[in-house]
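Residue numbers (our numbering), protein chains in the order written: chain A, 215 to 326; chain B, -17 to 92.
Just so it is clear, CB atoms sit at the ideal spot from N, CA and C, and this is done for glycine as well.
None of these values were measured; they are calculated from a predicted model.
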Amino acid sequence: SQKIEQNSEALNIQEGKTATLTCNYTNYSPAYLQWYRQDPGRGPVFLLLIRENEKEKRKERLKVTFDTTLKQSLFHITASQPADSATYLCALRYNYGQNFVFGPGTRLSVLP
Amino acid sequence: KAGVTQTPRYLIKTRGQQVTLSCSPISGHRSVSWYQQTPGQGLQFLFEYFSETQRNKGNFPGRFSGRQFSNSRSEMNVSTLELGDSALYLCASSLGQSQFFGPGTRLTVL
């Protein structure tokens, strides 16, 4: 069965630095890969979607890359701020109409 | 536009009871998915409804069921509650490939 891993369970970085989170999967590549942010006690918030035929997507300080050869997506937050501290989840959808499968998440702490 | 709403926000039940959770999607969204989130298992897919029909189902026992109404509002029901059903239950409505989650219902089973 498909397995999704996200780098470390927790990641601490200094304010102003670039945070890089990874999402690795096994077996076949998804048609769609998404990144979400989740704050404690709240539902996940959709951030970015990237399709299997796309290499990179950007939105303000966020950047997502998708490498189907490495079976990996990288999520970058540039000029990180303490307000970026949250858990970040990747989610994969293999075909349109199928459900999303979520990774375990990485808890990011941006230290002032 | 109003976001996804879920009721109730918190619920305490005892083992053996049953519970019904409600979700109102964003206006115009016809797809509603339900997830269970626990510290040990993370976010796990329960089922998805689209235009009142169950389109996908996760790997949960038959005690977990759901339905969707003609106005796209959805309910999920858990019968014969077990201690392990304590979790945050999240509903998400979709338009295309984007999912929008509600705040969740925190269910505690004693």
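Can you grab the Cα-Cα spacing for the pair residue i / residue j, in whole Å?
i, j, result
"A:D298", "A:L325", "10 Å"
"B:G10", "B:N41", "28 Å"
"A:N309", "A:P244", "7 Å"
"B:N38", "B:Y17", "12 Å"
"B:F82", "B:I(-6)", "26 Å"
"B:S47", "B:R(-9)", "19 Å"
"B:N125", "B:G24", "The structure shown does not extend to residue 125 of chain B, since chain B is modelled only from -17 to 92, so the question has no answer here."
Smallest Cα separation from residue i: which of the options?
i, options, result
"A:D281", "A:Y246, A:S294 and A:R251", "A:Y246"
"A:R275", "A:K231, A:T283 and A:K285", "A:K231"
"A:Y302", "A:T283, A:I227 and A:R251", "A:R251"
"B:I8", "B:A(-16), B:Y31, B:S15 and B:Q(-1)", "B:A(-16)"
Under 9 Å between beta-carbons, which chain A residues line up against residue i? List them in chain order, please.
i, result
"B:P21", "Near B:P21 there are no residues of chain A at all, since even the closest Cβ is about 10 Å away, more than 9 Å."
Any idea what DSSP makes of residue i, helix, strand or coil?
i, result
"A:D298", "helix"
"A:G255", "coil"
"B:L89", "strand"
"B:G(-15)", "coil"
"B:G66", "helix"
"A:R265", "strand"
"A:E219", "strand"
Just to confirm, does residue i get its C-beta within under 7 Å of one of the non-hydrogen atoms of the ligand ZN?
i, result
"B:P7", "For the ligand ZN, the structure offers nothing, since it holds no ligand at all."
Which bits of chain B does residue i rub up against, with CB to CB less than 8 Å?
i, result
"A:N267", "Result: empty, since nearest Cβ-Cβ is about 14 Å, beyond 8 Å."
So residue i contacts chain A; which residues on that side make the cut at Cβ distance below 7 Å?
i, result
"B:S80", "F260 and L263"
Identify the contact partners of residue i in chain B, using a Cβ-Cβ distance below 7 Å as the criterion.
i, result
"A:Q312", "N38"
Which chain B residues are close to residue i, counting only those with a beta carbon under 9 Å from its beta carbon?
i, result
"A:F280", "The premise fails here: A:F280 is roughly 14 Å from chain B at the closest Cβ pair, so nothing lies under 9 Å."
"A:R256", "F83, P85 and G86"
| said: Using 8 Å as the cut-off, can you tell me whether the stretch 220 to 237 of chain A makes contact with the stretch 254 to 272 of chain A, which would need three or more C-beta pairs spanning the two stretches below that distance? | reply: The stretch 220 to 237 of chain A, when compared against the stretch 254 to 272 of chain A, does not touch it at the 8 Å Cβ threshold.
Under 8 Å: do the stretch 59 to 76 of chain B and the stretch 228 to 239 of chain A share three or more Cβ pairs, one atom per stretch?
They do not touch, by the three-pair rule.
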